[in-house]
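A.B. asks: Protein chains in written order, with this note's numbering: chain A, 1 to 361; chain B, 1001 to 1333. Following this message is one structure expressed as structure tokens.
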Amino acid sequence: MAKDAQSSHSNARWRHGKPTMTDVARLAGVSQSSVSLVLNDLSGTRISPDTRLRVIEAARQIGYKVPSMRGNAATGRERDVIAYFLDDISTNVQTSMVLEGARDYAFEQGYVLAVYVTRSNGESESAAIAAIKRDRSVIGIVYASGFLRRVALPAALDLPVVLLNCYDDLRQHVSIQPNYISGMFNATEHLIQLGHQRIGFINGEPWMDTAADRLKGYRQALATADFVFDPRLVRDGDWLPSSGYQHTRDLLAHKNPPTAILCGNDQMAFGVLEAARDAGLKVPEDLSVMGYDNQDLSRFSRPPLSTLAMPNLELGQRAVEALIDIAVHGKQPRALTIKIEGPLVPRASTASVRAMRRMIA
Amino acid sequence: MSDIANRLGVSQATVSLVLNNAPGTRISKETRARVLAVAEELGYQKTRFPQRNGQVIGMLIDGVTTSKHVASLLEGVRDEAAANGFVVAVIQTMGMPETELAALDYLMARPLAGIIYASLIMRAVKPPERLREIPTVLLNCHAAKEPYSSVIPGDFAGGFAATSLLLEAGHRRIGMMTGETWIEASRERLRGYSEALAAHDIAVDDSLVVSRFSSAIPFARGREGANRLLDLPNPPTAVFCFQDRTAAGAYEAAYSRGLKVPDDLSIVGFDNEDFSASLRPPLTTLTLPHDEMARWAVQRLLEQPDAPNAASNAKRLKIECPVVSRQSVAAPK
């Protein structure tokens, strides 16, 4: 295992577990598939000797070891499949990113992921469970949802289960979730640190857990900065650009309009940018705008959108990690609910209030 | 369990005794049967929490006295811990360093997930050095120079919100009765009061702020302070009280003068104590977010940061005190 590398100084960055192929790829400046081809020594590939060297050097530097070293052939290990239940694969891009994080980590640990997309349909789930039970190579189940919600788990799962992006009332299983509360806290704090005192907030649909959590984070950040929560600055959107557009027009019509608008997702923030443009306001000179979830497009908006990234790959990784810990090593994680924060991605759509004034002057 | 208790009009303790099949209790067969029937009807499921590696969460608190607030701190910690499979060992230390060390000796000899270091009254604390060895979160107290995460109520914003409520109702002469001056929450709420007035371009009139009283009993202070304010040549039309008990005293002062609340005097309290909804008229007040604070503290404790108690990981959080609007505020005459 990669234990020996843990002490090396260069490895200090990989605090959240072992280095992954993605880390090697980033360091070597090549695609992850190139890394996989080189380190797995696959024949018939056309990788230049130079690239091959770079990859091997990068892997050595951060102490990455190819998982197949302890693969099945050597140990004769038979239990090497993780069943991954998913309600819907096309809900959003994040769903597949999370799945990718799970798959990569599983692969690195010598497991394969068998994905069952069930639409949370009872029959479909029962069929999948029956299939899993026939298959003695399955170590356990990652039960995932496309958006954070409460689920009713199918009965008679006598395998270890880790919930991903969902939770059950009985709290019988470990649940890995994105931390929307601290995420929105950090996003709001970013704007407060820039000197904004009136921060409009266009949230998502209020019936969703994730919207309630986002609102909580926004309010906690305000309270921490000694600001009074003003409900007139908060709007319930529907995650789509059009609601960002509409609510922005409304917020800007206020007699004391906000100097910054924060959105529950990037899509609505795109609507805010458009509304600002139509109102003749410049972003960020006249209005700071902030999204949430760091969609691909957010780098390309005008101006590029400041946002908060979702920890998608890490969510998948942590779920598989927890499942292996429980199912293989008999080790329970510290908490039953593990919430993961994503990093702040400041781009050009937010500016300090002072800078705004300077730009206007 | 509280749903079942409410439905039957029995105490929650009774429900708990029946459902947990506690031995040696004197509950009639009839009550037992009724509890079980309602439990089934409401679909009550006894929650079974997996135990976490035999670890417990230790909670040190200075005292628990008669304040009902401490109950929500203790229960919030207990519930969030239970939801994660932990039990909580609470030790009262009176805030005495020797007792704290003895408590830590006792707790740290056992499998311990971490420590919630709590205070009954919100204040700055100096926790024992030994806590650095173990994940620790400060609850209802704070320590600027220490590496611990902490969570306290947003008292400043609470004072601001309470005063803004009166300003928005149209009041311009607003009195304030503070708590004892050594209490940080009182100073913060007073600061919120002053800033809210400033935001409406109103200068603070010192004669409207009562902070010295002849009694230490909140009810008596409220009566005394309100009488003093109402004796002024130009008395306030509204008063913001540091706590509900002070507000209750202000009610009495108003009524003894034949004044009506809120027609002649609007009153806002703080704490949302049980009795505040039963005053006539029901008191507009603010709630201390002790449950949310306690849960946050436990979640933070269990988040397992890479370096527990590293100053860079410390989060210092305030949670807002929501306004509970009832009927003690009206426009001035």
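The C-beta atom is built at its ideal place from N, Cα and C for all residues, glycine as well.
1) Looking at the C-beta of Arg1048 (chain B), does it have a partner C-beta in chain A at a distance below 9 Å?
2) Given that Thr398 (chain A) touches chain B, what residues does it touch there, using C-beta distances under 8 Å?
3) Can you tell me whether DSSP reads Pro1153 (chain B) as helix, strand or coil?
4) Looking at Glu1224 (chain B) and the ligand SAM, is the gap between the Cβ and the nearest heavy atom below 8 Å?
5) Whose CA, out of B:Ala1238, B:Ala1277, B:Glu1273, B:Ala1250, lies closest to the CA of Leu1265 (chain B)?
6) So for Pro178 (chain A), helix, strand or coil by DSSP?
7) Using 9 Å as the threshold, is the C-beta distance between Ala275 (chain A) and Arg235 (chain A) below it?
8) At what residue ranges does the region 90-146 of chain A contain a whole run of the alpha helix (DSSP H), taking only runs of 4 or more?
9) Within the continuous alpha helix (DSSP H) that includes Val320 (chain A), where are the two ends?
10) Straight-line CA distance for Ala1161 (chain B) to Thr350 (chain A)?
11) Strictly under 9 Å for the Cβ-Cβ distance: is Val162 (chain A) near chain B by that measure?
12) Would you say Thr307 (chain A) lies against chain B (beta-carbon separation less than 9 Å)?
13) For the beta strand (DSSP E) that contains Ile199 (chain A), what are its first and last residues?
14) Rounded to the nearest angstrom, what separates Asn203 (chain A) and Ala211 (chain A) at their Cα positions?
15) At what residues does the beta strand (DSSP E) containing Arg1189 (chain B) begin and finish?
16) If you drop the 5 nearest sequence neighbours on each side, which residues of the same chain put their C-beta closer than 8 Å to that of Thr1352 (chain B)?
17) Which value, in whole angstroms, describes the spacing of the CA atoms of Gln246 (chain A) and Ala355 (chain A)?
18) Considering only their Cβ atoms, is the gap separating Asn165 (chain A) from Leu148 (chain A) smaller than 9 Å?
19) Quick check: is the beta carbon of Glu1084 (chain B) nearer than 9 Å to any beta carbon in chain A?
20) Closer than 8 Å, Cβ to any Cβ of chain A: which residues of the region 1106-1122 of chain B, in chain order?
21) Can you tell me whether Gly1058 (chain B) is helix, strand or coil according to DSSP?
22) Between A:Val320, A:Ser137, A:Asn92, A:Asp158, which has its C-alpha nearest Leu240 (chain A)'s C-alpha?
23) Exposed or buried, what is Ile1217 (chain B) when buried is set at 16 or more other beta-carbons lying within 10 Å of its beta-carbon?
24) What beta strand (DSSP E) runs, 3 residues minimum, are completely inside the region 227-260 of chain A?
25) Measuring alpha carbon to alpha carbon, tell me which of B:Ala1196, B:Ser1186, B:Arg1191 ends up nearest Arg1212 (chain B).
26) Does Arg1173 (chain B) come within less than 9 Å of chain D when only Cβ atoms are used?
27) Cβ of Ile1091 (chain B) less than 9 Å from any chain A Cβ?
28) Is Thr51 (chain A) closer than 9 Å to Asp87 (chain A) when the C-beta atoms are compared?
29) For the alpha helix (DSSP H) holding Tyr1106 (chain B), just list the boundary residues, first then last.
30) Of the residues that make up the region 1142-1158 of chain B, which ones have a beta carbon closer than 8 Å to any beta carbon in chain A?
31) Counting only beta-carbon atoms, is Gln220 (chain A) nearer than 9 Å to chain B?
32) For Ala73 (chain A), which three-state DSSP category applies?
33) Spell out whether any CB of chain B is found under 9 Å from the CB atom of Ala114 (chain A).
34) DSSP has Asp1271 (chain B) in a bridge; who is on the other side?
35) Cβ closer than 8 Å: which chain B residues qualify as neighbours of Phe227 (chain A)?
36) Taking C-beta to C-beta, are Ala1247 (chain B) and Thr1287 (chain B) nearer than 9 Å?
C.D. replies: In short:
1) In the second sequence, residue 1048 (chain B) corresponds to position 48, counting from 1. Low local confidence applies: a pLDDT of 47 at Arg1048 (chain B) is under 50, so the model's placement there is unreliable, and no value is given.
2) Absent from the structure is residue 398 (chain A), since the part of chain A shown begins at 1 and ends at 361.
3) In the second sequence, the residue the question calls residue 1153 (chain B) occupies position 153. Here Pro1153 (chain B) sits in strand by DSSP.
4) For the structure depicted, the ligand SAM is absent and the ligand set is empty, with no information on it obtainable.
5) Numbered from 1 along the second sequence, position 265 holds the residue referred to as residue 1265 (chain B). Of the listed residues, the one whose Cα sits closest to Leu1265 (chain B) is B:Ala1238.
6) If you number the first sequence from 1, residue 178 (chain A) lands on position 178. Note: Pro178 (chain A) maps to strand in three-state DSSP.
7) Your numbering for residue 275 (chain A) matches position 275 in the first sequence. Your numbering for residue 235 (chain A) matches position 235 in the first sequence. For Ala275 (chain A) and Arg235 (chain A), no; Cβs fall outside 9 Å.
8) 93-108, 122-134
9) Residue 320 (chain A) sits at position 320 when you count from the first residue of the first sequence. From DSSP, the alpha helix (DSSP H) with Val320 (chain A) extends over 312-327.
10) Locating residue 1161 (chain B) in the second sequence gives position 161, counting from the first residue. Locating residue 350 (chain A) in the first sequence gives position 350, counting from the first residue. Each residue's Cα considered, the two are about 28 Å apart.
11) Reading the first sequence from its first residue, position 162 is the one you call residue 162 (chain A). Output row for Val162 (chain A): interface = no.
12) Counting from 1 along the first sequence, the entry for residue 307 (chain A) is found at position 307. It does not: the Cβ of Thr307 (chain A) has no partner Cβ on chain B nearer than 9 Å.
13) For the purposes of this step, residue 199 (chain A) is taken as residue 199 along the first sequence, with counting starting at 1. From DSSP, the beta strand (DSSP E) with Ile199 (chain A) extends over 199-203.
14) The residue given as residue 203 (chain A) occupies position 203 in the first sequence. The residue given as residue 211 (chain A) occupies position 211 in the first sequence. About 6 Å.
15) Against the second sequence, residue 1189 (chain B) aligns to sequence position 189. Looking at the DSSP string, Arg1189 (chain B) is not in any beta strand (DSSP E); the run it does join, the alpha helix (DSSP H), is 1184-1199.
16) With chain B running from 1001 to 1333 in the structure shown, residue 1352 (chain B) is simply not present.
17) The residue given as residue 246 (chain A) occupies position 246 in the first sequence. The residue given as residue 355 (chain A) occupies position 355 in the first sequence. For Gln246 (chain A) and Ala355 (chain A), the distance between alpha carbons rounds to 27 Å.
18) Along the first sequence, one-based indexing puts residue 148 (chain A) at 148. Along the first sequence, one-based indexing puts residue 165 (chain A) at 165. Cβ atoms of Leu148 (chain A) and Asn165 (chain A): closer than 9 Å.
19) Here the question's residue 1084 (chain B) lines up with position 84 in the second sequence. It is worth fixing the name first, because residue 1084 (chain B) is Asn in this sequence and not Glu. Asn1084 (chain B) counts as touching chain A.
20) Ala1113
21) One-based indexing of the second sequence puts residue 1058 (chain B) at position 58. Strand.
22) Position 240 of the first sequence holds residue 240 (chain A). For Leu240 (chain A), the nearest C-alpha among the options comes from A:Asn92.
23) Along the second sequence, one-based indexing puts residue 1217 (chain B) at 217. Exposed, because fewer than 16 other Cβ atoms sit within 10 Å of the Cβ of Ile1217 (chain B).
24) 234-236
25) Your numbering for residue 1212 (chain B) matches position 212 in the second sequence. When only C-alpha atoms are compared, the closest one is B:Ser1186.
26) Here chain D cannot be found, since the structure's protein chains are A and B.
27) Residue 1091 (chain B) sits at position 91 when you count from the first residue of the second sequence. It does not; no Cβ of chain A falls within 9 Å.
28) Counting from 1 along the first sequence, the entry for residue 87 (chain A) is found at position 87. Counting from 1 along the first sequence, the entry for residue 51 (chain A) is found at position 51. In this structure, Thr51 (chain A) does not lie closer than 9 Å to Asp87 (chain A) by Cβ.
29) Taking the second sequence and counting its residues from 1, the one referred to as residue 1106 (chain B) is at position 106. 1097-1108 is the span of the alpha helix (DSSP H), which, as asked, contains Tyr1106 (chain B).
30) Gly1154, Phe1156, Ala1157
31) Along the first sequence, one-based indexing puts residue 220 (chain A) at 220. Cβ-Cβ to chain B under 9 Å: yes for Gln220 (chain A).
32) Within the first sequence, the letter at position 73 stands for residue 73 (chain A). Any reading at Ala73 (chain A) needs caution, since the residue's pLDDT is 43, under 50, leaving its predicted position unreliable; the model's value is listed next. In this structure, Ala73 (chain A) counts as helix in the three-state DSSP scheme.
33) For this step, residue 114 (chain A) is matched to residue 114 along the first sequence. So no, Ala114 (chain A) is outside the interface.
34) Numbered from its first residue, the second sequence carries residue 1271 (chain B) at position 271. Answer is B:Thr1287.
35) Here residue 227 (chain A) corresponds to residue number 227 of the first sequence, with the count starting at 1. Ordered by position in chain B, the residues that pass the 8 Å Cβ test against Phe227 (chain A) are Ala1157.
36) Locating residue 1247 (chain B) in the second sequence gives position 247, where the first residue counts as 1. Locating residue 1287 (chain B) in the second sequence gives position 287, where the first residue counts as 1. Contact: no.
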